[in-house]
Amino acid sequence: RSALLSGNVAYARATWSRVQSQLDAYAEQLAGAYVEACEATKVRDEETRKDLALREACLSTRASALRQTVSVLRRADAEVVERAVELVVALPGIDACTDLEALRRAAAPSVAEPEQAQLRGLREQVAEARVWKKAGKIDEGRAIIDEVLPHAEALGDGLLLAEARLVAGTLRADLGDLEGGTERLEQALDGALEHGADALAVEALSTLIYLVGVDRAEPVAALMLGTVAQGLVDRIEPEGIAKAQVLTAIGQAWFARGDLGRAQTRFERALELLQAQVGDDHIELAEPLSSLAVVLRRRGQLDRAHLQYLRALDIRIHWQGELHPQTANQRINLAAVLIERGEPEQAEQQLRMALEVLISAPVRDDKTIAHARNTLGALLMDQRDYAASQQQFRLAAEDWERVHGPLHPNVAAARLNLGFALRRDGKLAEAVEQYERSVKILRSNELTLDRRKQLVKLLEELATRLDALERTAEADTYRAEAALLTSTR
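Per the working numbering, the sequence shown starts with residue 29, numbered consecutively.
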């Protein structure tokens with residue numbers, strides 16, 4: 029408690045209240061599971077002593093995860109406080125310790141007796157690295173997993189090595205090494221499949237689908253991974269949280285490819301599954317609710333999108349407080365649909381509230397800030413405050429470049445918006461420069477149906493503006509490219 033409240037974090041008390049209740053509930057459930065396992069063997073005579081040993085070993089890993097989580101929280105800084113609720117919610121499920129068939133499969137010895145103590149120690153280190161990652165401490169998690177990997181490779185336990193590579197891959201991706209992260213995750217997937225660890229394979233696939241489809245902007249490859257993931261998860265957990273996570277990732281890939289209908293179907297099904305598992309107001313629902321709202325907004329279903337955004341905002345406030353950066357992010361999303369519903373005053377209010385939180389946050393989130401600036405820039409442009417809108421779009425482009433690099437579609441979108449603002453401000457030559465930079469970026473990415481349409485529209489706009497500048501030859505070149513893209517669609 030003292031660690032969470034000691035820093036200058038505005039939402040610390042709200043965070044501690046939620047963290048305390050979650051930790052207490054988890055500890056109580058864990059204690060009850062120990063009692064139930066003991067009674068099943070020693071009182072009701074339903075299970076053997078070997079079964080009891082398996083269940084107790086599983087529960088021991090949950091107790092270890094609880095201790096590691098509390099240990100991280102005791103050393104909490106501002107970054108950990110921001111992630112604290114998500115950290116405790118991510119504690120591994122206790123119900124899995126009742127699945128004796130799965131426990132027997134996992135208990136098959138993979139190393140000699142003298143090496144089993146080392147194996148247990150390395151597994152604990154992998155679990156600790158997971159906790160640090162979830163807490164937002166990527167460097168700490170990376171240091172632990174980099175130490176584990178050579179020992180895991182030397183020990184020869186395939187499942188340990190697969191999980192270590194999975195954690196290493198997610199950490200590398202978090203640090204911006206998308207290629208290295210993908211490579212490690214693919215190695216983890218291969219190892220999990222080789223050793224029949226379907227749950228681990230599904231976890232690797234869920235992460236890969238998002239990494240490849242969204243972060244690397246390669247949705248076709250991501251959807252191929254999604255086909256494999258669905259087959260696996262249907263075999264182990266067709267109605268559970270893992271299935272919802274797979275569907276959410278696939279929905280993101282379909283959205284990245286421009287197929288809004290299929291994206292919506294996946295998000296809606298993911299929400300149904302999650303609600304059946306965790307209830308109607310759990311923090312796990314906030315992200316898929318927002319994803320669904322984005323799709324609904326893009327499809328013109330503004331009233332439904334508005335309701336989903338409001339619901340997600342209520343969940344964020346309930347779990348994380350008014351001043352949490354994730355709540356601010358939710359306000360940005362809500363503002364976008366308010367703008368489209370013709371409610372600019374309410375939208376600006378939400379954006380100002382969000383930016384106030386983000387600017388004062390102790391941990392900078394360039395992605396969220398870029399999103400806020402882009403949305404505010406659009407609103408200001410509609411209000412004909414062109415100078416202010418141009419400033420917001422320039423800053424948004426710089427933020428997106430820090431997040432994704434200079435050639436990501438999000439950078440193109442920010443520069444395109446900047447071009448629109450410059451053109452409306454009478455700065456046509458500067459607008460054309462931004463249009464051309466956007467074209468270059470879009471050409472360098474996979475041309476999904478949605479991006480192809482965007483590029484064609486941009487090329488035609490660019491040609492028109494070049495004509496106005498009497499740069500006819502360049503205009504004709506861009507117009508011909510637009511015609512070619514249209515004819516080969």
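Glycine is no exception: its CB is placed at the ideal position from the N, C-alpha and C atoms.
Worksheet item: Exposed or buried, what is residue 392 when buried is set at 16 or more other beta-carbons lying within 10 Å of its beta-carbon?
Response: As a first step, residue 392 must be located in the sequence shown, where it is residue number 364. With a 10 Å radius around the Cβ and a threshold of 16 neighbouring Cβ atoms, residue 392 comes out exposed.
Worksheet item: So, using beta-carbon positions, are residue 173 and residue 159 closer together than 8 Å?
Response: Here residue 173 refers to the residue found at position 145 of the sequence shown. Here residue 159 refers to the residue found at position 131 of the sequence shown. Not a contact, by the Cβ cut-off of 8 Å.
Worksheet entry | Beta-carbon proximity of residue 223 to residue 279, cut-off 8 Å | Locating residue 223 in the sequence shown gives position 195, where the first residue counts as 1. Locating residue 279 in the sequence shown gives position 251, where the first residue counts as 1. No. Outside cutoff.
Item to complete: Can you tell me which of 460, 109, 68 puts its alpha carbon nearest to the alpha carbon of residue 35?
Response: Residue mapping note: residue 35 aligns to position 7 of the sequence shown, counting from 1. It is 109 whose Cα lies nearest to the Cα of residue 35.
Practice prompt. Can you have a look at residue 500 and say buried or exposed, based on whether 16 or more other CB atoms are within 10 angstroms of its CB?
Written response: The count along the sequence shown starts at 1 and reaches residue 500 at position 472. Burial check for residue 500: the Cβ neighbour count within 10 Å stays below 16, so the residue is exposed.
Worksheet entry | Whole-Å CB distance - residue 344 paired with residue 314, under 8 Å assumed | Within the sequence shown, the letter at position 316 stands for residue 344. Within the sequence shown, the letter at position 286 stands for residue 314. Rounded to the nearest angstrom, the Cβ distance from residue 344 to residue 314 is 6 Å, consistent with a contact under 8 Å.
Worksheet item: Applying the criterion that 16 or more other CB atoms from any shown protein chain within 10 Å of the CB defines a buried residue, is residue 165 buried or exposed?
Response: On the sequence shown, residue 165 is found 137 positions in, with the first residue counted as 1. Burial state of residue 165 is buried, judged by a 10 Å Cβ sphere holding 16 or more other Cβ atoms.
Discussion item. Could you check whether residue 150 and residue 86 sit closer than 8 Å to each other, using their CB atoms as the reference points?
Written reply: Residue mapping note: residue 86 aligns to position 58 of the sequence shown, counting from 1. Residue mapping note: residue 150 aligns to position 122 of the sequence shown, counting from 1. Result no, Cβ atoms of residue 86 and residue 150 do not sit closer than 8 Å.
Worksheet item: What three-state label does DSSP hand residue 208 in the structure shown?
Response: For this step, residue 208 is matched to residue 180 along the sequence shown. Residue 208 falls in the helix class under three-state DSSP.
Fill in: Cβ distance (whole Å) where residue 113 is taken to contact residue 43 below 8 Å
Taking the sequence shown and counting its residues from 1, the one referred to as residue 113 is at position 85. Taking the sequence shown and counting its residues from 1, the one referred to as residue 43 is at position 15. Confirmed, Cβ separation roughly 6 Å.
Worksheet item: Are residue 216 and residue 244 close, meaning C-beta to C-beta below 8 Å?
Response: Position 188 of the sequence shown, counted from the first residue, corresponds to residue 216. Position 216 of the sequence shown, counted from the first residue, corresponds to residue 244. Contact flag unset, no.
Discussion item. Taking the straight line between their C-alpha atoms, what separation do you get for residue 487 and residue 353?
Written reply: In the sequence shown, residue 487 corresponds to position 459, counting from 1. In the sequence shown, residue 353 corresponds to position 325, counting from 1. Cα to Cα, the separation comes out at about 37 Å.
Worksheet item: Alpha carbon to alpha carbon, what distance is there between residue 407 and residue 415?
Response: Counting from one through the sequence shown, the residue named residue 415 turns up at place 387. Counting from one through the sequence shown, the residue named residue 407 turns up at place 379. In a straight line, the C-alpha of residue 415 is about 12 Å away from that of residue 407.
Worksheet entry | Buried versus exposed, by CB contacts within 10 Å (16 or more), residue 339 | Along the sequence shown, one-based indexing puts residue 339 at 311. Buried: at least 16 other Cβ atoms inside 10 Å.
Practice prompt. Using only alpha-carbon positions, find the residue among 402, 376, 152 that is nearest to residue 417.
Written response: Your numbering for residue 417 matches position 389 in the sequence shown. Minimum Cα-Cα distance from residue 417 among the listed residues 402, 376, 152 corresponds to 402.
Worksheet item: Is residue 261 helix, strand or coil when you go by DSSP?
Response: Along the sequence shown, one-based indexing puts residue 261 at 233. Three-state DSSP puts residue 261 in a helix.
Item to complete: Following the continuous alpha helix (DSSP H) through residue 411, name the residue where it begins and the one where it ends.
Response: Here residue 411 refers to the residue found at position 383 of the sequence shown. Taken as a continuous stretch (DSSP letters only), residue 411 belongs to no alpha helix (DSSP H), as it is neither H nor E.
Worksheet entry | Contacts around residue 379, its chain only, beta-carbon distance under 8 Å, and the 5 residues preceding and following it disregarded | Locating residue 379 in the sequence shown gives position 351, counting from the first residue. Excluding the 5 residues flanking it on each side, residue 379 has same chain C-beta neighbours closer than 8 Å at 359, 360, 363, 400, 403, 404, 407, in chain order.
Item to complete: Using three-state DSSP, classify residue 329 as helix, strand or coil.
Response: If you number the sequence shown from 1, residue 329 lands on position 301. Here residue 329 sits in coil by DSSP.
Fill in: Whole-angstrom distance between residue 328 and residue 321, CA atom to CA atom
What you label residue 321 is simply residue 293 of the sequence shown in a count that begins at 1. What you label residue 328 is simply residue 300 of the sequence shown in a count that begins at 1. For residue 321 and residue 328, the gap between their C-alpha atoms comes out near 10 Å.
Discussion item. Using 8 Å as the cut-off, can you tell me whether the segment 73-92 makes contact with the segment 56-64, which would need three or more C-beta pairs spanning the two stretches below that distance?
Written reply: Enough Cβ pairs lie closer than 8 Å, so yes.
Worksheet item: Mind pulling the alpha helix (DSSP H) runs of 4 or more residues that sit fully within the segment 164-202?
Response: Listed in chain order, the complete alpha helix (DSSP H) runs (minimum 4 residues) inside the segment 164-202 are 166-183, 186-202.
Practice prompt. For chain B, find out if any of its Cβ atoms is closer than 8 Å to the Cβ of residue 327; answer yes or no.
Written response: The structure shown contains no chain B; it holds only a single protein chain.
Fill in: Cα-Cα separation, residue 274 to residue 157
To locate residue 274, count along the sequence shown from 1; it is residue 246. To locate residue 157, count along the sequence shown from 1; it is residue 129. For residue 274 and residue 157, the gap between their C-alpha atoms comes out near 23 Å.
Worksheet item: To the nearest whole angstrom, what separates the beta carbons of residue 270 and residue 227, a pair I think is in contact under 8 Å?
Response: Counting from 1 along the sequence shown, the entry for residue 270 is found at position 242. Counting from 1 along the sequence shown, the entry for residue 227 is found at position 199. Confirmed, Cβ separation roughly 7 Å.
Worksheet item: What is the C-beta distance between residue 351 and residue 39, in whole angstroms, given that I count them as a contact (C-beta under 8 Å)?
Response: On the sequence shown, position 323 is the one that residue 351 refers to. On the sequence shown, position 11 is the one that residue 39 refers to. Contact flag correct, Cβ pair sits at about 4 Å.
Worksheet item: What is the rounded straight-line gap between the Cα of residue 121 and the Cα of residue 211?
Response: Locating residue 121 in the sequence shown gives position 93, counting from the first residue. Locating residue 211 in the sequence shown gives position 183, counting from the first residue. Cα to Cα, residue 121 sits roughly 28 Å from residue 211.
Worksheet item: By how many angstroms is the C-alpha of residue 225 removed from the C-alpha of residue 308?
Response: The residue given as residue 308 occupies position 280 in the sequence shown. The residue given as residue 225 occupies position 197 in the sequence shown. Near 31 Å, if we compare the C-alpha coordinates of residue 225 and residue 308.
Discussion item. For residue 199, which residues in the same chain have their Cβ closer than 7 Å to its Cβ, ignoring the five residues on either side in sequence?
Written reply: Locating residue 199 in the sequence shown gives position 171, where the first residue counts as 1. Taken in chain order, the residues that qualify are 161, 166, 169, 170, 173.
Fill in: CB contact flag (residue 259, residue 250, <8 Å)
Looking up residue 259 in the sequence shown gives position 231. Looking up residue 250 in the sequence shown gives position 222. For residue 259 and residue 250, no; Cβs fall outside 8 Å.
Discussion item. If distances are taken between C-alpha atoms only, which option among 386, 246, 99, 261 comes closest to residue 437?
Written reply: Position 409 of the sequence shown, counted from the first residue, corresponds to residue 437. Minimum Cα distance to residue 437 is reached at 246.
Item to complete: Kindly indicate the opening and closing residues of the alpha helix (DSSP H) around residue 361.
Response: As a working mapping, residue 361 is identified with position 333 in the sequence shown. Boundaries of the alpha helix (DSSP H) harbouring residue 361: 353-368, taken from the DSSP string.
Worksheet item: Would you report the Cα separation of residue 511 and residue 484, rounded to the nearest angstrom?
Response: On the sequence shown, residue 511 is found 483 positions in, with the first residue counted as 1. On the sequence shown, residue 484 is found 456 positions in, with the first residue counted as 1. Answer to the nearest angstrom: the Cα atoms are 8 Å apart.
Worksheet entry | Reduced DSSP secondary structure (H/G/I, E/B, other) of residue 449 | Indexing the sequence shown from 1 puts residue 449 at position 421. In the structure shown, residue 449 falls within a helical segment according to DSSP collapsed to helix, strand and coil.
Fill in: 4-residue-minimum alpha helix (DSSP H) runs that sit fully inside the segment 219-291, ordered along the chain
Fully enclosed alpha helix (DSSP H) runs of 4 or longer: 226-238, 247-264, 269-285.
Worksheet item: What does a CB cutoff of less than 8 Å around residue 342 pick up in its chain, not counting 5 residues either side in sequence?
Response: As a working note, residue 342 is residue 314 in the sequence shown. For residue 342, where only same-chain residues beyond five positions count, the Cβ hits under 8 Å are 309.
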